[in-house]
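Encoded as structure tokens, the structure appears first; notes follow it.
2 protein chains.
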Amino acid sequence: MSRTDDVVNGIKHMILNGDLQPGERLPVEKELAETLGVSRGSLREGVRALSILGILNSRQGDGTYVTDLDVSQLLAPMGFVVDLQGDGQTLHLHAIRRLLECEAARLAATRITDEALKEAEALLEEAGRILDENPEAHERIIEIDIAFHRIIAAHTGNPVLTGMIETFASRTVRERLWRSLREEGIDRRTHGEHNAIWRALKYHDPDAARIRMANHLLGVEDSLPFLPGPDEDEPPLES
Amino acid sequence: MSRTDDVVNGIKHMILNGDLQPGERLPVEKELAETLGVSRGSLREGVRALSILGILNSRQGDGTYVTDLDVSQLLAPMGFVVDLQGDGQTLHLHAIRRLLECEAARLAATRITDEALKEAEALLEEAGRILDENPEAHERIIEIDIAFHRIIAAHTGNPVLTGMIETFASRTVRERLWRSLREEGIDRRTHGEHNAIWRALKYHDPDAARIRMANHLLGVEDSLPFLPGPDEDEPPLES
DNA sequence: ACCGCAACAATGGTCGGATCTTTCGCGTCG
DNA sequence: CGACGCGAAAGATCCGACCATTGTTGCGGT
Chain R
1 MSRTDDVVNG IKHMILNGDL QPGERLPVEK ELAETLGVSR GSLREGVRAL
51 SILGILNSRQ GDGTYVTDLD VSQLLAPMGF VVDLQGDGQT LHLHAIRRLL
101 ECEAARLAAT RITDEALKEA EALLEEAGRI LDENPEAHER IIEIDIAFHR
151 IIAAHTGNPV LTGMIETFAS RTVRERLWRS LREEGIDRRT HGEHNAIWRA
201 LKYHDPDAAR IRMANHLLGV EDSLPFLPGP DEDEPPLES
Chain L
1 MSRTDDVVNG IKHMILNGDL QPGERLPVEK ELAETLGVSR GSLREGVRAL
51 SILGILNSRQ GDGTYVTDLD VSQLLAPMGF VVDLQGDGQT LHLHAIRRLL
101 ECEAARLAAT RITDEALKEA EALLEEAGRI LDENPEAHER IIEIDIAFHR
151 IIAAHTGNPV LTGMIETFAS RTVRERLWRS LREEGIDRRT HGEHNAIWRA
201 LKYHDPDAAR IRMANHLLGV EDSLPFLPGP DEDEPPLES
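Those protein sequence lines, which keep their order, are chains R and L.
Under the working numbering, the first residue of the first sequence carries the number 1, and numbering increases by one thereafter.
Under the working numbering, the first residue of the second sequence carries the number 1, and numbering increases by one thereafter.
Written as structure tokens, this is what we have:
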């Protein structure tokens with residue numbers, strides 16, 4: 001157990017015990033280092049680690065504060081983890097994404113607001129226009145894709161689910177870019193699938209929304225570059 | 001963008017570019033600090049943060065190495081995040097756990113090995129004995145509970161799913177302890193639900209396994225201490 | 001009395017050096 | 001040939017100094 005771990009655990013316990021409330025300011029470095037019995041350098045290492053984890057937030061000239069411990073912010077470093085996964089894990093990551101997004105679609109079907117439906121409709125209409133007029137604008141298409149999925153995730157009523165979907169989207173979406181550039185007609189097929197999801201949401205039909213989302217994401221997986229390696233002793237799992 | 005962020009991003013890119021392979025050793029602190037254009041102190045802050053994230057691993061007197069980037073290890077700090085969630089998020093966290101574990105049960109039903117089934121059976125038999133002979137041994141009962149769920153998670157064929165379930169178990173299991181101490185007969189009911197899951201796995205019936213698991217976890221949620229706060233403007237979501 | 005700007009103090013950010021602890025490699029001795 | 005021990009190498013920790021940024025305070029002008 002290193003000194004830095006003492007710092008991390010110490011601050012963690014201070015938060016769990018309520019000594020430090022979200023948004024509250026920490027003692028100055030010198031003082032806190034004395035309290036925890038470590039040098040300022042070791043304290044800073046621990047504080048820095050907690051900052052990267054999204055738990056603390058330091059501002060030069062001001063002080064160090066506990067964040068609001070918001071789920072989405074705390075889940076951000078998991079995206080870091082997702083990025084580091086090798087290509088061998090791509091299908092496994094996607095399977096999780098599919099699981100999460102299908103549940104999101106199911107929940108959103110009964111909870112989505114009319115405003116959100118209108119917003120999503122506007123996005124899909126814009127995508128349709130782009131497909132007709134400027135089919136090479138993949139970047140904007142992808143932005144719309146992300147926004148569409150984000151609207152659904154935001155209306156599940158479960159902020160944890162929202163945050164996790166946000167995290168898993170970052171990686172997969174990048175691969176979607178490669179895919180768009182590789183295959184023709186994919187954007188149009190995806191657009192149709194999005195429309196199907198939107199209709200299910202409009203009719204507030206949870207089962208339909210879930211199935212349409214599942215179909216959509218399976219289509220994404222079909223187009224994923226997939227190189228079976230020597231450790232792939234099992235066939236791709238079918239749902 | 002602070003110097004430490006430069007370090008974190010620099011090392012991250014070195015890994016993504018393949019300059020650093022999993023298990024490989026990093027240059028010595030002084031040299032790496034020079035390469036990245038920062039002092040040793042700043043470098044150490046970044047390295048320490050990455051160590052806590054499970055990406056690097058430093059051994060005094062030896063050197064700093066890239067971990068094998070195993071999913072379970074990289075997901076560990078997320079447990080930290082789960083611990084920090086307030087009680088207001090408990091049901092939302094549990095909803096995710098339920099989603100993940102139901103999928104795990106479904107997948108494990110067709111993939112679990114005979115050895116694992118035997119192992120799980122032995123665990124459940126021990127739990128049954130404890131319930132008859134020493135009903136107050138909650139601690140051991142909980143250990144068996146964790147082990148049982150872990151066996152299922154380990155046989156999904158999806159290491160990412162395995163790691164995520166591991167992460168979400170830590171928090172929820174603790175609350176299970178409180179629950180066991182609060183209500184009588186809970187341990188026995190849980191034991192029966194576990195047996196039902198085990199039978200479904202034995203018959204390699206994915207649907208049954210999923211449903212039994214869902215029922216089990218809903219039972220857990222029923223016994224969860226739940227205090228509706230002022231921000232709880234929605235009723236608990238029913239599945 | 002009010003407003004704007006400048007100086008000051010507090011705080012985190014960065015740096016380089018010094019010393020301690022652990023680990024590993026290699027040479028020596030039994 | 002093997003066990004022991006010494007020393008080099010590397011990270012762990014600490015310290016003191018200085019830099020950069022921010023918030024505050026007080027002064028002067030209007």
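All C-beta atoms in this analysis are idealised placements derived from N, C-alpha and C, irrespective of residue type, glycine included.
This structure is a prediction, so every number in the text was calculated from the model and none was measured.
Assign residue i to one of three DSSP states: helix, strand, or coil.
i: L/Thr64; result: strand
i: R/Ser58; result: strand
Would you grab the beta carbon distance between residue i and residue j for me? Rounded to a whole angstrom, and I think it's under 8 Å.
i: R/Ala99; j: L/Glu103; result: Ala is not the amino acid found at residue 99 of chain R; the sequence shown has Leu there. That pair is a contact at about 5 Å.
i: L/Ala214; j: L/Ala208; result: Actually they are not in contact, since the Cβ atoms of L/Ala214 and L/Ala208 sit about 11 Å apart, beyond 8 Å.
i: R/His155; j: R/Arg111; result: 5 Å
i: L/Gln89; j: R/Val160; result: 6 Å
i: R/Asp68; j: R/Pro22; result: 5 Å
i: R/Ile186; j: R/Ala169; result: Not a contact, Cβ separation roughly 18 Å.
i: R/Glu24; j: R/Val66; result: 5 Å
i: R/Glu175; j: R/Leu224; result: 6 Å
i: L/Ala109; j: L/Asp205; result: 6 Å
i: L/Leu32; j: L/Leu43; result: 6 Å
Assign residue i to buried or exposed, taking buried as 16 or more other Cβ atoms, counted over all protein chains shown, within 10 Å of its Cβ.
i: R/Asn9; result: exposed
i: R/Leu177; result: exposed
i: R/Ile15; result: buried
i: R/Ser39; result: exposed
i: L/Pro135; result: exposed
i: L/His92; result: buried
i: R/Leu20; result: buried
i: L/Asn17; result: exposed
i: L/Thr113; result: exposed
i: R/Arg97; result: buried
i: R/Thr35; result: exposed
i: R/Val47; result: buried
Give a yes or no on whether 8 Å exceeds the smallest Cβ distance from residue i to chain L.
i: R/Asn9; result: no
i: R/Thr172; result: no
i: R/Glu103; result: yes
i: R/Met14; result: no
i: R/Glu45; result: yes
i: R/Ile96; result: yes
i: R/Leu84; result: yes
i: R/Val71; result: yes
i: R/Asp68; result: no
i: R/Asn17; result: no
i: R/Pro27; result: no
i: R/Leu56; result: no
Please report whether the beta-carbon of residue i lies at a distance below 8 Å from any beta-carbon of chain R.
i: L/Thr90; result: no
i: L/Asn215; result: no
i: L/Pro206; result: no
i: L/Phe80; result: yes
i: L/Pro228; result: Note on L/Pro228: pLDDT 47, under 50, position unreliable in the model; the coordinate value appears next. Output row for L/Pro228: interface = no.
i: L/Thr4; result: yes
i: L/Leu93; result: yes
i: L/Asn134; result: no
i: L/Met164; result: yes
i: L/Leu49; result: Reading the sequence as shown, one finds Ala at residue 49 of chain L and not Leu. True, the Cβ-Cβ gap to chain R drops below 8 Å.
i: L/Leu237; result: The pLDDT assigned to L/Leu237 is 46, lower than 50, so where the model puts this residue is not dependable; a value taken from the coordinates is nonetheless given after this. Closer than 8 Å: yes.
i: L/Leu224; result: no
i: L/Val246; result: Coverage of chain L is limited to positions 1 through 239, which leaves residue 246 of chain L absent and any answer about it impossible.
Output needed for residue i: all residues of its chain with C-beta closer than 7 Å, excluding positions within five of it in sequence on either side, in chain order.
i: R/Ile151; result: Ala116, Glu119 and Ala120
i: R/Ile197; result: Ala105, Ala209, Arg212, Met213 and His216
i: R/Ile144; result: Leu123, Glu126 and Ala127
i: L/Gln73; result: Gly54 and Thr67
i: L/Leu181; result: His138
i: R/Glu232; result: In this prediction, R/Glu232 has a pLDDT of 44, which is less than 50 and means its spatial position is unreliable; nothing more can be read from the coordinates.
Less than 6 Å between C-beta atoms, sequence neighbours within five positions excluded: which residues of the same chain meet that for residue i?
i: R/Ala153; result: Ala104, Thr162 and Ile165
i: L/Glu45; result: Thr4
i: L/Leu53; result: Pro77
i: R/Val82; result: Arg171
i: L/Asn57; result: Tyr65 and Thr67
Using a Cβ-Cβ cutoff of less than 8 Å, which residues in the same chain neighbour residue i once the five nearest sequence positions on both sides are dropped?
i: R/Arg189; result: Gly219
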